[in-house]
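Visitor:
Numbering (the numbering used here), first residue to last: 1 to 211.
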C-alpha cells in the first residue's frame, strides 16, 4: 500500500531562499561589472538561470539592487561601524585603533567598491535617496568616532571638526578606492599604504604622526 508523499514545507522554503540568494549573488556581479543602468533584468535572469517572470515576482530592478546592497551590508563580510566604535573605546593606543578600523574599511572597499559606484551613479530618484541616506548615516558614525578620538586626546585640534569628518569620509569611501585603484592605477597594496598615511596625516596631531 502506497502512502501519500508528505509535503516538506521546510525544504521548499530553503530551496526558495537559496534560489533568491543565487539571484542576488548574480546581480551583485553584474551590477558591479556593468553598472546599474546597463544591466537589465533579462541579463540577471539569463546569468542566474531563472525566468524573467521569476525576477518580476521579486520586484523591479531598483528593488533588486537594494536587495543586493542590503545583503552586502548585513553579511558576514560587511563593515560594522558599531564594532569599530567599540574597538576605539577599548584600544590602548591610537595606532591600535587606526590599524583595526582601517583594516575593516579596506576589506569592505576592496570587495564592494564597484557595486557602490553602480548604486551611486544610478539615475533612479529612489536609489539616489537611499544612497544619500546611507551616506548620512556613515558621516554620523564618523562624527561619533572622531568625537571619541578627541576625548582620548588623540585628535588634532588645529582643524575644525566638521572638516575632519568630511576629510575622513572622502578618504575612506568606496568611490575613492575605485578612483585610485581602477582609475589612477595604484595597486591594492599602494592604496593600503596611501590610506594609512593619509588618515594619520589628516587626523593626528603633528607630534603623533610617523616620521
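Beta carbons: idealized from backbone N, C-alpha and C, even for Gly.
For residue 113 versus residue 178, is the C-beta spacing smaller than 8 angstroms?
Guide: Contact flag set, yes.
Visitor: In angstroms with no decimal places, state the Cα-to-Cα distance between residue 92 and residue 102.
Guide: Taking the straight line from one Cα to the other gives about 16 angstroms.
Visitor: Measure the CB-CB distance between residue 64 and residue 47 and report whether it falls below 8 angstroms.
Guide: Result no, Cβ atoms of residue 64 and residue 47 do not sit closer than 8 angstroms.
Visitor: Helix or strand or just coil, what does DSSP make of residue 158?
Guide: Residue 158: coil per DSSP, three-state reduction.
Visitor: Suppose contacts are defined by Cβ-Cβ distances below 8 angstroms. Is residue 69 in contact with residue 119 by that definition?
Guide: Closer than 8 angstroms, so yes.
Visitor: Check each candidate in 62, 42 and 194 and name the one with the smallest Cα separation from residue 127.
Guide: For the residues 62, 42 and 194, the minimum Cα distance to residue 127 belongs to 62.
Visitor: Could you tell me which uninterrupted beta strand (DSSP E) segments, each at least 3 residues in length, are contained entirely in the stretch 124 to 153, listed from first to last along the chain?
Guide: For the stretch 124 to 153, not a single whole beta strand (DSSP E) run of length 3 or above is found.
Visitor: What is the DSSP secondary structure of residue 49, reduced to helix, strand or coil?
Guide: In this structure, residue 49 counts as coil in the three-state DSSP scheme.
Visitor: Check the C-beta distance from residue 89 over to residue 148 and give it rounded, since I have them as a contact under 8 angstroms.
Guide: Confirmed, about 7 angstroms.
Visitor: Based on Cα-Cα distance, which residue from 199, 150, 185 and 189 lies nearest to residue 170?
Guide: The option with the nearest alpha carbon to residue 170 is 199.
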